[in-house]
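>
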Amino acid sequence: PQLLVLLKLDEDLHVKYPRLLTFASQLKAGKGLTIVGSVIQGSFLESYGEAQAAEQTIKNMMDIEKVKGFCQVVVASKVREGLAHLIQSCGLGGMRHNSVVLGWPYGWRQSEDPRAWKTFIDTVRCTTAAHLALLVPKNIAFYPSNHERYLDGHIDVWWIVHDGGMLMLLPFLLRQHKVWKKCRMRIFTVAQMDDNSIQMKKDLAIFLYHLRLEAEVEVVEMHNSDISAYTY
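Those letters in the sequence shown? Residues 3 to 234, per the numbering used here, in order.
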């Protein structure tokens with residue numbers, strides 16, 4: 003995937019969640035292009051200097067986290083409008099992004115702005131409208147740094163909506179990085195109570211074999227009413 007990583011800056015123009023860059027670096031394993039974007043709220047004429055300073059800060063952080071690519075900081079009267087502009091206009095030709103990495107919103111319940119959650123929702127809607135894949139890492143502060151190593155563990159994929167191979171591709175790419183290399187993949191797919199679970203497991207194992215993916219396969223049986231909550 004070609005990534006557009008959307009970063010949030012604090013009042014001092016420092017990256018609020020630098021682990022998003024770490025995650026992007028591990029997902030790309032040092033290969034390919036990554037675009038990093040952020041928004042300064044205000045007037046362009048008054049905030050241009052801040053945008054330049056923020057861009058330099060992000061570039062320095064990209065160097066530290068070994069993220070190859072470029073960054074773009076825009077000034078907009080509303081943050082959600084700036085994010086929509088980045089989603090629409092970043093990249094050029096074959097170097098355009100096809101996936102957006104967006105941090106999970108924290109503290110929106112305590113925010114002084116009662117509509118703070120709307121920025122996240124609108125960004126999700128913009129990404130969907132642009133027909134882009136959306137990655138929303140939750141609890142990003144607990145993700146491993148590039149200096150850590152997982153000597154054991156699993157990467158679990160819940161393949162509920164069979165919408166292509168992206169969910170299979172992401173853990174495969176993560177395992178190319180030294181941090182995740184020793185983790186094993188587990189694929190969980192969901193079957194209705196009247197489905198042939200044994201045959202589904204065999205079919206999925208064959209599908210993974212053709213994709214050259216090593217993973218354990220598990221079929222979880224659920225009622226249709228339980229599944230529908232996760233399919234939209």
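We treat Cβ as the ideally placed atom computed from N, Cα and C, and that holds for glycine.
Note that this is a predicted model, so its numbers are computed, not measured.
Can we say the stretch 139–158 touches the stretch 181–193, given the rule of at least three CB pairs closer than 8 angstroms?
Yes: the two stretches touch, three or more of their Cβ pairs being nearer than 8 angstroms.
> Going by the beta-carbon positions, is the gap between isoleucine 189 and glutamate 218 smaller than 9 angstroms?
Numbered from 1 along the sequence shown, position 187 holds the residue referred to as residue 189. Numbered from 1 along the sequence shown, position 216 holds the residue referred to as residue 218. For isoleucine 189 and glutamate 218, yes; Cβs fall inside 9 angstroms.
> How about alanine 78 and valine 102: do their beta carbons lie closer than 9 angstroms?
As a working mapping, residue 78 is identified with position 76 in the sequence shown. As a working mapping, residue 102 is identified with position 100 in the sequence shown. No, they are not a contact pair.
> Excluding five sequence neighbours on each side, which residues of the same chain lie with their C-beta closer than 8 angstroms to the C-beta of alanine 55?
By one-based count along the sequence shown, residue 55 stands at place 53. Only Leu15 meet the Cβ criterion.
> Determine the DSSP secondary structure at methionine 170, reduced to helix, strand or coil.
Translated into positions along the sequence shown, residue 170 becomes position 168. Helix at methionine 170.
> Per DSSP, what kind of secondary structure is aspartate 5 in: helix, strand or coil?
For the purposes of this step, residue 5 is taken as the residue at position 3 of the sequence shown. Residue identity differs from the one stated: residue 5 is leucine in this sequence, not aspartate. In this structure, leucine 5 counts as strand in the three-state DSSP scheme.
> From His179, Leu136, Gln194 and Tyr145, pick the residue whose C-alpha is nearest to that of methionine 168; which is it?
Locating residue 168 in the sequence shown gives position 166, counting from the first residue. Selected option, being the one with the closest Cα: Leu136.
> The beta strand (DSSP E) with isoleucine 37 in it runs from where to where?
On the sequence shown, position 35 is the one that residue 37 refers to. First-last of the beta strand (DSSP E) with isoleucine 37: 36–43.
> Whole angstroms is fine: what's the gap from valine 221's alpha carbon to methionine 202's?
For the purposes of this step, residue 221 is taken as residue 219 along the sequence shown, with counting starting at 1. For the purposes of this step, residue 202 is taken as residue 200 along the sequence shown, with counting starting at 1. Whole-angstrom Cα-Cα distance: 7 angstroms.
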